[in-house]
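Residue numbers (UniProt numbering): 1 to 188. For glycine and all other residues, C-beta sits at the position ideal for the given N, C-alpha and C.
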């Protein structure tokens, strides 16, 4: 039985960094981002990978059920029994589809959803301060924040009612945040 942990948070919350550091420091954890999973499925040459490539190569969005099946496929084929995925779900639809697929199988158990909580001001300062690419500007940040905020209350409520939501203060130095998230996933 694979144990799945989801790490969610605003743009700039540090969720990807936290997840990758935990996986680097602790060999029993695998870390995936949704984009990495889709690319890996395409590279595998599987039927699912060919389907995904058909959408991506034309610049189209990969349909929700296909994304969730790629996530589930990658978790099942991971050599590690503990899998951390960051930045997913990003919408109520993604959450509902993942829940439906997980409920229909018995190889993966969702053990926890960890929200790395930061204020919008801290998120903005981090994203605009790092300015790594053309998409790290105020207008793009505002849109990404809006996309994050619209479904977050429903996502929090859903996972809280299932007893799966855990919130970590993301407005500290990276070391204590990673230590807290690591302790949380290990306790779950």
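Check                                                                                                                                      : Outcome
In its own chain, which residues sit with a C-beta less than 6 Å from the C-beta of residue 167, not counting the 5 before and 5 after it? : 115 and 117
Kindly indicate the opening and closing residues of the alpha helix (DSSP H) around residue 18.                                            : 15-25
Rounded to whole angstroms, what's the CA-CA distance from residue 35 to residue 159? Just pull it up for me.                              : 23 Å
So for residue 161, helix, strand or coil by DSSP?                                                                                         : helix
Rounded to the nearest angstrom, what separates residue 15 and residue 43 at their Cα positions?                                           : 25 Å
In the structure shown, what three-state DSSP assignment does residue 109 receive?                                                         : strand
State the Cα-Cα distance for the pair residue 30 and residue 23, rounded to the nearest angstrom.                                          : 6 Å
Taking three-plus beta-carbon pairs below 8 Å as touching, is the region 141-149 in contact with the region 71-78?                         : no
From which residue to which residue does the beta strand (DSSP E) around residue 6 run?                                                    : 2-9
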